[in-house]
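2 protein chains.
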Amino acid sequence: MDERVREHAEVLVDWSARIEEGDDVVLSVGPDAHELAVAVAEKLGERGANLLATYSSGEITRAYLRAHDGEFDENPDHERALLEETDVYLSIGGGRNTSATADVPGDVRSEYRDARTEIREARYDTRWVSTYHPTRALAQQAEMAYEEYQEFVYDAVLRDWESLADEMAQMKELLDEGSEVRLVSEGTDLTMQIDDRTAVNSAASVAYDSHNLPSGEVFTAPYGTEGEVTFDVPMTLRGESVRNVRLEFEDGEVVDHEAEQGESVVGDILEADEGARRLGELGIGMNRAIDRHTDNIMFDEKMGDTVHLAVGRAYDACLPDGESGNDSAVHVDMITDVSEDSRLEIDGEVVQENGQFRWE
Amino acid sequence: MDERVREHAEVLVDWSARIEEGDDVVLSVGPDAHELAVAVAEKLGERGANLLATYSSGEITRAYLRAHDGEFDENPDHERALLEETDVYLSIGGGRNTSATADVPGDVRSEYRDARTEIREARYDTRWVSTYHPTRALAQQAEMAYEEYQEFVYDAVLRDWESLADEMAQMKELLDEGSEVRLVSEGTDLTMQIDDRTAVNSAASVAYDSHNLPSGEVFTAPYGTEGEVTFDVPMTLRGESVRNVRLEFEDGEVVDHEAEQGESVVGDILEADEGARRLGELGIGMNRAIDRHTDNIMFDEKMGDTVHLAVGRAYDACLPDGESGNDSAVHVDMITDVSEDSRLEIDGEVVQENGQFRWE
């Protein structure tokens, strides 16, 4: 086994999920993620955790959903019972075809998702962490050779997380103390309110309220957004290529949108519900090992020298206690490059200019 | 997809597990059983059942068990909760290496198995069915070419089960009405008591108390065994080749054993516990589509023109209500060819001679 696979497993088990003896762990394994799953099982055995492996396959989901009449039972008992009794949920993505569910009708997906709200909440109540095993299908999505993609993934994952967390703490402090953020770049001049909001230092560990490996971003939940923003990092949304989305905000809500490509899918997202027209997240990408976009949002949104915004749901960790934030069924991130002709201000003070942070 | 895979899925879902709308189903998928799992997912969707897929990999089990210190938590809550809320448990075996766990120490396996008794019991309380997807590793174990093995498996699985069940009902009736069974063959002259015992017409369906696909045997739980038996069908037990095992019984217990090959592994099994020296099962193989041994007990024991006996645990379905039968942690089947120079008698009457049943 490639030693990097074992190192990936160790970061996931020890740094990210903080697994201890006696933890009940669900390990969700993608069809091509077998090798990392074996390495994780070894670590779980060493730690004395209790392992149950589940199988997460787009082809199985597709076959099931297309055959179903669409009237799904709400939160099936067996799966809910499993999640409610689980301490840690580790998801290792990695299929053989990133378009495996492309022909499942959107309304069937929505019905299925809506019928599983409590199961999803139970999962979010665990110490959950999502990661990816580098597969050929993901390499293809990234337009990279397989070995090139493996290096990219391990560079992003096998970091000195403690040290990155220390660096990111500076950005968290600025956001926690600030009241207003302004982002200025080509096609972008946007102001957002962040008073009373708490930023997450997303250092790829549940100990930091961070649930992705890799991570490497600082994010908060803005409101009262005004102005315009252009997202120039290409991406795929719901199976469609999207390029240069431009959103215009008034009084916290999107009042106009356009895109060079994929305008209709952006429109669909904004119309999902009322919350989908407001921002749920402002995130600052700080993992500079991620130096290119690979059309996988878990990596892209952490890219160094980028800022991303999500329409839809906000994370509870960013909100004052008891506040539910921007209630929405969607959370869709879009990314803008801030490496050139760009600045990020907090309360009128420049904190990042052309990608360079104030402390650099 | 090979149409036989879809047919296999349909037999499993409809005939074997009798799945209905609203059933909570766990589908346990082996690493190379993906294709059958997709076909089963489609059927589960059509029926409106609720699907959770688990991943059953020998390599994951090996990595976990070898790394663990051997002090396993008893019946972890998350897995127990899952099984207790599950209506149907479908296991699709099919790995990439039938020796994947060969280097896990025997005592670690035992400790792990013993720590999971309640989980296993919860699984047996569901409408559970085990089957195999024909994989290259299983073909290799059977010493067959891959396509040859596929044909073998589908011939065994895609049967007219209703009609085989009708035929087997005749053998069940004879066993249910009889008191003493005698098996005579080369190296074999054995008598067993079956009074008060109920035979299972194992027609590959939970509706018949039958949990294997394929099945095709009639079995009961004998006692008071006297005489000697020779098992001439080759097999692998706990990773070791075993040939021509001869057991001698007095007063229901094995008093002597020998084997041309694998004598020590047979000795280990017989010494597992007190129940391991008594018979737990007498089975008559009646699936003539299984016309050769393939070193996979689920198939071999159903082979036409064979009789098998298991030392160890008896199935509850064969026992008078409330009786726990032959209490043992083991259940190891061994098989004898009855196609030539052989007869099976019930209460002195020949019911099978040289493989031919009385009604044939």
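Chains as they are written, first to last, in our numbering: chain D, 1 to 360; chain B, 1001 to 1360. Ideal Cβ placement from N, Cα and C applies to all residues, glycine included. Values in this document were obtained by computation on a predicted structure and should not be read as measured data.
Inter-stretch contact (C-beta, 8 Å, three-pair minimum) for the segment 1312-1329 of chain B and the segment 1266-1284 of chain B = yes
Is the beta carbon of residue 79 (chain D) within less than 7 Å of some heavy atom of the ligand NAP?
-> As for the ligand NAP, it is missing from this structure, which has no ligand bound.
What residues in the segment 62-82 of chain D have a beta carbon less than 9 Å from any beta carbon of chain B?
-> 62, 63, 64, 65, 66, 67, 68, 69, 71, 72, 73, 76, 77, 78, 79, 80, 81, 82
Using a Cβ cut-off of 9 Å, pull out every chain B residue sitting near residue 48 (chain D), in sequence order please.
-> 1068, 1069, 1071, 1072, 1073
Could you have a look at residue 16 (chain D) and say whether DSSP puts it in helix, strand or coil?
-> helix
At which residues does the beta strand (DSSP E) containing residue 216 (chain D) begin and terminate?
-> Careful: residue 216 (chain D) lies outside any beta strand (DSSP E) and carries neither H nor E.
For residue 1273 (chain B), the three-state DSSP class (helix, strand or coil) = coil
Give the DSSP bridge partners of residue 1357 (chain B), in chain order.
-> B:1352
Three-way DSSP call (helix, strand, coil) for residue 225 (chain D) in this model | strand
Nearest residue (CA-CA) to residue 1199 (chain B), options B:1214, B:1246, B:1283 = B:1283
Given 8 Å as the limit, is there contact between the segment 233-243 of chain D and the segment 183-199 of chain D, that is, 3 or more CB pairs closer than that?
-> no
Counting only beta-carbon atoms, is residue 1055 (chain B) nearer than 8 Å to chain D?
-> yes
Under 7 Å Cβ-Cβ, which residues of chain B neighbour residue 86 (chain D)?
-> 1078
May I ask you to verify whether the segment 34-42 of chain D touches the segment 59-76 of chain D, counting CB pairs closer than 8 Å and requiring at least 3?
-> no
Looking at C-alpha atoms only, which residue of B:1270, B:1024, B:1208 is the closest neighbour of residue 1087 (chain B)?
-> B:1024
Return no unless some Cβ of chain B is closer than 8 Å to the Cβ of residue 24 (chain D).
-> yes
Does residue 1038 (chain B) have its Cβ less than 8 Å from a Cβ in chain E?
-> Of the chains in the structure shown, none is chain E; the protein chains are D and B.
Could you list which residues in chain B have their beta carbon closer than 9 Å to that of residue 100 (chain D), in chain order?
-> By Cβ distance, chain B contributes nothing, its closest Cβ being about 10 Å from residue 100 (chain D), past 9 Å.
Please work out which residues of its chain come closer than 7 Å, Cβ to Cβ, to residue 443 (chain D), disregarding the five sequence neighbours upstream and downstream, and give them in chain order.
-> For residue 443 (chain D) there is no data in the structure shown, the boundaries of chain D being 1 and 360.
Chain B within 8 Å of residue 29 (chain D), Cβ atoms only | yes
Taking the DSSP output, what are the residues bridged to residue 1193 (chain B)?
-> B:1180, B:1223
What did DSSP end up calling residue 1175 (chain B) once you bin it into helix, strand or coil?
-> helix
Straight-line Cα distance separating residue 290 (chain D) from residue 156 (chain D) | 6 Å
For the putative contact between residue 986 (chain B) and residue 1218 (chain B), defined by C-beta atoms under 8 Å, what is the C-beta separation to the nearest angstrom?
-> Since the first and last residues shown for chain B are 1001 and 1360, residue 986 (chain B) lies out of range.
When the distance is taken between beta carbons, is residue 1132 (chain B) closer than 8 Å to residue 1093 (chain B)?
-> yes
Straight-line Cα distance separating residue 1224 (chain B) from residue 1251 (chain B) = 6 Å
Closest by CA to residue 1154 (chain B), which one among B:1077, B:1010, B:1066?
-> B:1010
Looking only at C-alpha atoms, which of B:1051, B:1180, B:1047, B:1160 sits nearest to residue 1348 (chain B)?
-> B:1180
Check distances from the C-beta atoms of the segment 1118-1144 of chain B to those of chain D and list, in chain order, the residues that come in under 8 Å.
-> none
Quick one: does residue 228 (chain D) have its CB under 8 Å from some CB of chain B?
-> no
Determine the burial state of residue 30 (chain D): buried for a count of at least 16 other Cβ atoms within 10 Å of its Cβ, exposed for fewer.
-> buried
Work out the CA separation of residue 46 (chain D) and residue 143 (chain D) for me, nearest whole Å.
-> 37 Å
Between the CA atoms of residue 1319 (chain B) and residue 1036 (chain B) - distance to the nearest angstrom | 35 Å
In chain order, which alpha helix (DSSP H) runs of at least 4 residues are fully inside the segment 31-97 of chain D?
-> 34-47, 58-67, 77-84
Among B:1208, B:1207, B:1271, B:1027, nearest to residue 64 (chain D) - alpha-carbon criterion = B:1027
From residue 1336 (chain B) to residue 1246 (chain B), what distance separates their C-alpha atoms?
-> 11 Å
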